[in-house]
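Chemist:
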Amino acid sequence: MAKMHISTTINGEPEEFLCTPGETMLDVLRNQLDLTGSKEGCGSGDCGACSITLDGTLVCACLMLAAEAEGRTITTIEGMAEGENLHPLQQKFLEEAALQCGICTPGMLIAAKALLDDNPDPAETEVRFWLAGNLCRCTGYDKIIRAVLDTAADMREAAK
Amino acid sequence: MSESNDNHWIGARTIRPDGADKVTGRAAFAADTSMPGMIWGKVLRSPHAHARIRSIDTSKAESLPGVKAVMTADDIVDFPTDTPVALGIQDMRWMCRNVMARDKALWHGHAVAAVAATSEAIAAEACKLIEVDYEVLPHAIEIDDALADDAPILHDFIKFEGKPSNIAGTLEHTKGDIEAGFAQADIVIEREFTTRPVHQGYIEPHACLVSVAADNKTTIWSSSQGQFMVRAMTALLTGLTQSDIRAIPAEIGGGFGGKTIIYLEPLATILSKKSGRPVKMTMTREEVMRASGPTSGSKSIVKIGVKKDGTITAAEGIYWLQAGGLPGSPIRGAVGCALAPYDIPNGRTFGYDVVSNRSKVAAYRAPGAPIGAFGVECVLDELAEELGMDPLDLRLKNAAKEGTKAVHGPTFPLMGYVESLEAAKAHAHYNTPLGPNQGRGVASGFWFNAGGESSAQVNITEDGNVVITTGHPDIGGSRAGIANICAELLGIDYKRISVLIGDTATIGFSNLTGGSRVLFASSIVVTESTRTVIRTLCELAAKIWDIDPDAVTWEDGEARPAGTNAGKFDPLTLAQLAARANESGGPIGAGAQINTTGAEGGFGTHICDVEVDPELGIARVIRYTVLQDVGRAVHPSYVEGQMQGGAAQAIGWALNEEYLYDKNGKVDNPGFLDYRMPVASDLPMIDAYMIEIPNPKHPQGVRGVGEVPLVPGLAAVRNALHDAIGIRFNDLPMSPPRVLAALDAMKQAAE
């Protein structure tokens, strides 16, 4: 089957790749573009470990066809820090030990950032329901939820 | 030479050494690496729950363009069933049949053959071209089916009481006179319980990348709970020698026991050897659910007798645990831990290891112990109600203490079980009123913990900083704990210490990450190594000052004269000494390899509040507190994390998780949508209450922490549900349909 030529923007940089019509965005990110920060935990959109944003909207890269990236803007975990400056969520996850094994962490961070971009002052319940599509088996979510709430508070304070 | 007593780092919530990599996507897990010339492997799996394999024809697959190698069980070293070959907690007789079906497929999804091809798609296509001639056999999934008189027998070589059987083994503990004990009781309650098999649920599927060179030099990149286990098992299953294999531990995306065995590594090794190419293999989530090991489902009968004042006179627990298609269920954990929290004069536990046509079980956090505790903690709850006693008081009255002889044998040393009960009683959670449809439950639990073999190397860099290498994959933050301990011993900032996990060629043998042993054991070898390094540094300072080494002391990261008698010299810092290392003979570093002992068991008590939606049958955990003797919390955040994560897994096991099988013996819910693990919106914050009673047998007082928090949880949730709606569920999970059915039945009975 002929491959498709896709032009897109990933983490602020123009990117081109070839893919078959059936290939997922996750396969292309991981196997072609060396962006292995997005993880495959299920391949069915249930675990959220491959969370990315597409034109600012949170999606599972495993449920997106790579061809859909044409002309769009994608952000992955590799694009979250600015140079050596971690995003406040990344920093807070470290300080508050909001990760254990770390496999869910990239997706969790991308999803949490999408929440805070949209809602800078979420209630605990809102954070819990927003992140319900991101499975973590290590932490029981406690420290993750706290880190997101604490980051939101810090960012609100910084924005004053 | 002496060490400073001021504590800066033990107990500090430092940033973990691997943290920045993990929040930026840099950390390399099992599936994140590739090699030049790499090809892809895929496994063909049995479509039958139980079938004899008459023949396998791989010729069509081999001739598909792009296919580079095909393998079957004939390529794997056979271990005859009559000769045990133990490797850690596994037996190679079963491992060689677990990684690929030999003569018989024992469950739906059992590996039958494997292919390596230039793409994953071609490998999958080639699997379809392999022709397997199966003789389909009747199957048994549940314990009662496997124990029925007319049950299909999985293995002719397994005999029980002289006859072919699916009972592969038993284990018994006894203490005192059980009959006499029950005769002394005023109240005896006996109940039957079942729990379902549940998966560890690690988010990272099994994956590996293996390269075998023409001279057999082999590199394995995979995530596991033990690179040395990977090396040993792969060597045994492929015939390679261990020194030819370099097993590199990738970051591991969760294990919980499920990565203490291997599935793909020997297959990829054989495919790589045959093809001459590096081979990458990854399991899909569906493969993980069908073919990797959950923990056992169980059936149990628990009977406990008490005097009117609550004193336990006798207790008995009989357990049947599913092993899956090959022997090896965790009966030791069930029968060993079930009664351990209590001082019981007359006790007996008995376990049966039962094979049936499901994937072979693997370890899961305190293997067997939650099953053992479930029935015991439920019966105690009912006894407390009968006696009109607070359930914590009943436990306090019978609590095991230092000097208690456990039913499973040992006499307990210093430990904090009573303290966990007292802390629970005094906790605000236990004393907060409940609302409508809400209930509160408590339960306790025990896990053995473990020591065993560990190795470490501590090296001082030329610029006076520290690199530590240990041999244990870090799942939950153990590197952060090791950095804290070494910083404390050396008296330097923890940021000057890098902690790495060595591969099998660069660090000495280290046993599995499991049994709650890693920080306990690795801090012993790191402490030993660091003390040797400090001695070397003091000797170097002594040489520079031309004084006796005993007249040098190490404090706050520098060598100082031990007193005015030693002479008056300016202190020498670690950096200054490192720069002058050659003056004492060379590089500064030390290693230690020890078979560690003194781990001692761990105890915890949980308090759970649930609220039941009477319309939907949904039981929601609304408040949860874990109270546990954690020895010494070297890094409190990661200790709390273990307690919170264990409790969350217990809540999932209690309320939702189970495998559903169709009539053909096929798992019907092999994915995260239908195999319902707790998500963020299912849980409340989980209060981790750490009780620190330092383990006197450990240099920093460390006691294993990770496994105990799963043990009490099943019964804590169940007892809370009873308190909420007055129904005692003796069968897990207490999922909405079951709760609703029970509520409806109660309503009908009332009408």
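In order, the protein sequences belong to chains A and B.
Going by my numbering, the first sequence wraps up at 161, each residue one higher than the last.
Going by my numbering, the second sequence wraps up at 765, each residue one higher than the last.
The C-beta atom is built at its ideal place from N, Cα and C for all residues, glycine as well.
No experiment lies behind these values; they were computed from the predicted model shown.
1. Which value, in whole angstroms, describes the spacing of the CA atoms of D97 (chain B) and W108 (chain B)?
2. Starting from the N-terminal side, write out each stretch of the alpha helix (DSSP H) that is 4 residues or longer and does not extend beyond the stretch 469-552 of chain B.
3. Determine, for T140 (chain A), whether the minimum Cβ-Cβ distance to residues of chain B falls below 7 Å.
4. What does the alpha-carbon distance come out to for the pair M15 (chain B) and D562 (chain B)?
5. Strictly below 7 Å CB to CB, what residues from chain B border E83 (chain A)?
6. Using the three-state DSSP reduction, which class does N733 (chain B) fall into: helix, strand or coil?
7. Measuring only between beta-carbons, confirm whether Q239 (chain B) sits less than 7 Å from chain A.
8. Taking only three categories from DSSP, how would you classify E768 (chain B)?
9. Are the C-beta of Q101 (chain A) and some C-beta of chain B separated by less than 7 Å?
10. Can you list, in chain order, the residues of the stretch 54-82 of chain A whose Cβ is nearer than 8 Å to any Cβ on chain B?
11. Rounding to the nearest angstrom, what Cα-Cα distance links G489 (chain B) and L630 (chain B) in this structure?
12. Please list the partners that C20 (chain A) has in chain B, where partner means a Cβ-to-Cβ separation under 7 Å.
13. So which residues on chain B does E41 (chain A) lean against when the C-beta distance must stay under 8 Å?
14. What do you reckon, are the CB atoms on L278 (chain B) and M85 (chain B) nearer than 7 Å?
15. Along the chain, where does the alpha helix (DSSP H) that runs through C351 (chain B) open and close?
16. Given this structure, state the Cα-to-Cα distance separating P424 (chain B) from H187 (chain B), to the nearest angstrom.
17. Just to confirm my understanding: we take T362 (chain B), look at its own chain, exclude 5 residues before and 5 after, and list those with CB closer than 6 Å. What are they?
18. Please tell me whether D517 (chain B) and Q241 (chain B) are closer than 7 Å, where the distance is taken between their beta carbons.
19. Which residue spans inside the stretch 139-174 of chain B form an unbroken beta strand (DSSP E) run of at least 3?
20. Taking 8 Å as the threshold, find out whether the stretch 22-33 of chain A comes into contact with the stretch 50-67 of chain A through three or more Cβ pairs.
21. Starting from the beta carbon of L687 (chain B), find every residue of chain A whose beta carbon is closer than 8 Å, and list them in chain order.
22. Of all the CB atoms in chain B, is at least one closer than 7 Å to the CB of G38 (chain A)?
23. Have a look at the DSSP bridge pairing and note the partners of D623 (chain B).
24. Report the residues of the stretch 111-136 of chain A with a CB closer than 9 Å to any CB of chain B, ordered along the chain.
25. Assuming contact is defined by CB atoms lying nearer than 7 Å, are I636 (chain B) and P750 (chain B) in contact in what I supplied?
26. I'd like to confirm the pairing. Which residues does DSSP put opposite E467 (chain B) in its beta bridges?
27. Within 7 Å (strictly less), CB to CB, does E17 (chain B) reach chain A?
28. Within 10 Å of its beta-carbon, does N19 (chain B) have 16 or more other beta-carbons around it, so buried, or fewer, so exposed?
29. By the 9 Å beta-carbon criterion, what residues does the stretch 700-711 of chain B contribute toward chain A?
30. Helix, strand or coil for A135 (chain B), going by three-state DSSP, please let me know.
31. Quick one: which residues of the stretch 4-20 of chain A get their C-beta closer than 9 Å to a C-beta of chain B? List them in chain order.
32. Pop quiz: Q663 (chain B) and R379 (chain B) are said to be a contact at Cβ under 8 Å. What is the actual Cβ separation, rounded to whole angstroms?
33. At a CB-CB cut-off below 7 Å, which residues of chain E make contact with D143 (chain A)?
34. What in chain A is Cβ-close to Y216 (chain B), meaning under 8 Å?
35. Is the separation between the beta-carbon of A464 (chain B) and that of A613 (chain B) shorter than 7 Å?
36. Short of 6 Å in beta carbon distance, which residues of its chain neighbour A221 (chain B), apart from the five on each side in sequence? Order them along the chain.
Modeler: Based on what the coordinates show:
1. Counting from one through the second sequence, the residue named residue 97 (chain B) turns up at place 83. Counting from one through the second sequence, the residue named residue 108 (chain B) turns up at place 94. Reading the sequence as shown, one finds Thr at residue 97 (chain B) and not Asp. The alpha-carbon atoms of T97 (chain B) and W108 (chain B) are separated by roughly 11 Å.
2. 492-504
3. Working through the first sequence from its first residue, we reach residue 140 (chain A) at position 139. So yes, T140 (chain A) belongs to the interface.
4. Start at 1 with the first residue of the second sequence, and residue 15 (chain B) comes out as number 1. Start at 1 with the first residue of the second sequence, and residue 562 (chain B) comes out as number 548. Reliability of the predicted coordinates at M15 (chain B) is poor, the pLDDT of 37 falling under 50, and no value is obtained from them.
5. Position 82 of the first sequence, counting from 1, holds the residue named residue 83 (chain A). Near E83 (chain A) there are no residues of chain B at all, since even the closest Cβ is about 11 Å away, more than 7 Å.
6. In the second sequence, counting from the first residue as 1, residue 733 (chain B) sits at position 719. Reduced to three states, the DSSP call for N733 (chain B) is helix.
7. Start at 1 with the first residue of the second sequence, and residue 239 (chain B) comes out as number 225. Judged by the 7 Å Cβ criterion, Q239 (chain B) is not in contact with chain A.
8. This structure leaves residue 768 (chain B) out entirely; chain B is present only between 15 and 765.
9. Indexing the first sequence from 1 puts residue 101 (chain A) at position 100. It does: the Cβ of Q101 (chain A) has a partner Cβ on chain B nearer than 7 Å.
10. T77, I78, E79, M81, A82
11. By one-based count along the second sequence, residue 489 (chain B) stands at place 475. By one-based count along the second sequence, residue 630 (chain B) stands at place 616. The question names Gly, but residue 489 (chain B) in the sequence shown is Ile. Whole-angstrom Cα-Cα distance: 37 Å.
12. Counted from its first residue, the first sequence places residue 20 (chain A) at position 19. Residues of chain B passing the Cβ test: none, with the nearest at roughly 13 Å.
13. Residue numbering aside, residue 41 (chain A) sits at position 40 when the first sequence is read from its first letter. Under the 8 Å cutoff, chain B gives A45, P219, T296.
14. Locating residue 278 (chain B) in the second sequence gives position 264, where the first residue counts as 1. Locating residue 85 (chain B) in the second sequence gives position 71, where the first residue counts as 1. Not a contact, by the Cβ cut-off of 7 Å.
15. For this step, residue 351 (chain B) is matched to residue 337 along the second sequence. Note, C351 (chain B): alpha helix (DSSP H), 345-351.
16. In the second sequence, counting from the first residue as 1, residue 424 (chain B) sits at position 410. In the second sequence, counting from the first residue as 1, residue 187 (chain B) sits at position 173. Those two C-alpha atoms are separated by around 11 Å.
17. For the purposes of this step, residue 362 (chain B) is taken as residue 348 along the second sequence, with counting starting at 1. The amino acid at residue 362 (chain B) is misidentified as Thr; the sequence shows Arg. So the list reads T188, I192, E330, once near-sequence residues are dropped.
18. Numbered from its first residue, the second sequence carries residue 517 (chain B) at position 503. Numbered from its first residue, the second sequence carries residue 241 (chain B) at position 227. A contact, by the Cβ cut-off of 7 Å.
19. For the stretch 139-174 of chain B, the full-length beta strand (DSSP E) segments reaching 3 residues or more read 145-150 along the chain.
20. A contact exists between the stretch 22-33 of chain A and the stretch 50-67 of chain A.
21. Working through the second sequence from its first residue, we reach residue 687 (chain B) at position 673. Neighbourhood of L687 (chain B) in chain A, by CB distance below 8 Å: S45, D47, in chain order.
22. Taking the first sequence and counting its residues from 1, the one referred to as residue 38 (chain A) is at position 37. It does; some Cβ of chain B falls within 7 Å.
23. Numbered from 1 along the second sequence, position 609 holds the residue referred to as residue 623 (chain B). Bridge partners of D623 (chain B): B:R454, B:R637.
24. E125, T126, V128, R129, F130, W131, L132, A133, G134, N135, L136
25. As a working mapping, residue 636 (chain B) is identified with position 622 in the second sequence. As a working mapping, residue 750 (chain B) is identified with position 736 in the second sequence. No; because the gap between Cβ atoms is not below 7 Å, this pair is not in contact.
26. Residue numbering aside, residue 467 (chain B) sits at position 453 when the second sequence is read from its first letter. DSSP, once it has assigned bridges, lists B:N609 as partnering E467 (chain B).
27. Along the second sequence, one-based indexing puts residue 17 (chain B) at 3. Note that E17 (chain B) scores a pLDDT of 43, beneath 50, so its modelled location is shaky; the value from the coordinates is reported in the next line. No, E17 (chain B) does not count as interfacial toward chain A.
28. Residue mapping note: residue 19 (chain B) aligns to position 5 of the second sequence, counting from 1. Caution applies to N19 (chain B), whose pLDDT of 45 falls short of 50 and renders its modelled position unreliable; the model cannot decide the point.
29. I700, D701, A702
30. By 1-based counting over the second sequence, the position of residue 135 (chain B) is 121. Helix at A135 (chain B).
31. Answer in chain order: no residues at all.
32. Position 649 of the second sequence, counted from the first residue, corresponds to residue 663 (chain B). Position 365 of the second sequence, counted from the first residue, corresponds to residue 379 (chain B). Contact between Q663 (chain B) and R379 (chain B) holds: their C-beta atoms lie close to 6 Å from each other, under 8 Å.
33. Protein chains A and B are contained in the structure displayed, whereas chain E is not.
34. Within the second sequence, residue 216 (chain B) is the residue found at index 202, counting from 1. For Y216 (chain B), the residues of chain A that pass the 8 Å Cβ criterion are C102, I104, R138, in the order they occur in the chain.
35. Counting from one through the second sequence, the residue named residue 464 (chain B) turns up at place 450. Counting from one through the second sequence, the residue named residue 613 (chain B) turns up at place 599. Yes, these two residues count as a Cβ contact at 7 Å.
36. The sequence position of residue 221 (chain B) within the second sequence is 207, counting from 1. Contacts found: A44, A45, T296.
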